[in-house]
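The structure under discussion appears below in the form of structure tokens.
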């Protein structure tokens, strides 16, 4: 409730990422704390990517927001759910995801990543959601930097609905325990991965949550700059985020 995400739970990240790299993905947007980009309104978290035009790459013309629970709320195992209405426009790359709580002390992908919802508007369409995990197989590549296609492992699945995901809210969900990760949308299971404790120790540690709307970059635009055909604003509405855990 209120006009901004609760500072007791959420951090608001700003800028273009380390070394102005576009958050490691060549993304276009500047993340801000402006209520134009992130606010609570009518019971929803509202994250909005904006550009008044002309739109460029990391030149302050495209703005958006990214919020995390890092160092404020972390969890290991449980059921994670969010009710989200995502943006589906050209160049948009909305996501609900999690990183290992030891990031950035432990570099990515050794920290581990779980993507509960991503929409890759460069490579799929507005009907399709993706669930992905990233980790490092250190039996393949260690102690060198974990890179693809060597030690960096990513395992992804997608599901396409009959209608645009932007037409309504959907529940994006994961069930995670010491043996497996299961991904769902609206109760439909479309991702299952067993956890090998010898190779996937990343997923036996705590994680923190992230919500953001990126624009462009590797998966938003296949690293291409704005073409002028993009429409703004691109808005993600989040009704709620919930984490359930067993009480032993």
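Residue numbers (our numbering): 23 to 270. Think of the CB as a built atom: it goes at the ideal place given N, C-alpha and C, for glycine as much as any other residue.
- Looking from the CA of residue 50, the closest CA among 68, 121, 60 and 38 belongs to 38.
- Contact between residue 104 and residue 229 does not hold, since the beta-carbon distance rounds to 14 Å and is not under 8 Å.
- Shortest Cα-Cα distance from residue 42 to any of 134, 125, 132 and 239 involves 239.
- DSSP, read as helix, strand or coil, puts residue 137 in strand.
- Secondary structure note for residue 121: its beta strand (DSSP E) is the uninterrupted segment 114-122.
- Ranking 82, 222, 265 and 187 by CA distance to the CA of residue 175 puts 222 first.
- Within the segment 231-260, the complete alpha helix (DSSP H) runs of at least 4 residues fall at 239-242.
- Within its own chain, the residues whose Cβ lies closer than 7 Å to the Cβ of residue 55, once the five positions on either side in sequence are excluded, are 34 and 36, listed in chain order.
- For residue 215, the closest of 101, 155 and 111 by C-alpha to C-alpha distance is 155.
- Using a C-beta cut-off of 8 Å, the segment 68-78 makes contact with the segment 248-257, since at least three inter-stretch Cβ pairs fall below that distance.
- About 18 Å separates the Cβ atoms of residue 125 and residue 196, ruling out a contact at the 8 Å cut-off.
- Take the alpha-carbon of residue 218 and the one of residue 99: they are about 15 Å apart.
- Pairwise C-beta distances place the segment 158-171 out of contact with the segment 79-86, as fewer than three of them are shorter than 8 Å.
- Sequence-distant Cβ neighbours of residue 267 in its own chain, meaning closer than 6 Å and more than five residues away, are 100.
- Nearest to residue 31 by alpha-carbon distance, out of 203, 146, 92 and 127, is 92.
- Residue 170 and residue 46 have their C-alpha atoms some 14 Å from each other.
- Assignment of residue 229 by DSSP, reduced to helix, strand and coil, places it in the strand class.
- Beta-bridge pairing by DSSP links residue 158 to 174.
- By the Cβ neighbour-count rule, residue 206 is buried, with 16 or more other Cβ atoms within 10 Å of its own.
- Partner residues in the beta bridge of residue 86, as assigned by DSSP, are 53.
- Distance from the Cα of residue 108 is smallest, within the candidate group 129, 210, 135 and 142, for 142.
- Within the DSSP bridge table, the entry for residue 69 names 60 and 258 as partners.
- Rounded to whole angstroms, the gap between the alpha carbons of residue 253 and residue 182 is 23 Å.
- Here DSSP, grouped into helix, strand and coil, assigns residue 181 to strand.
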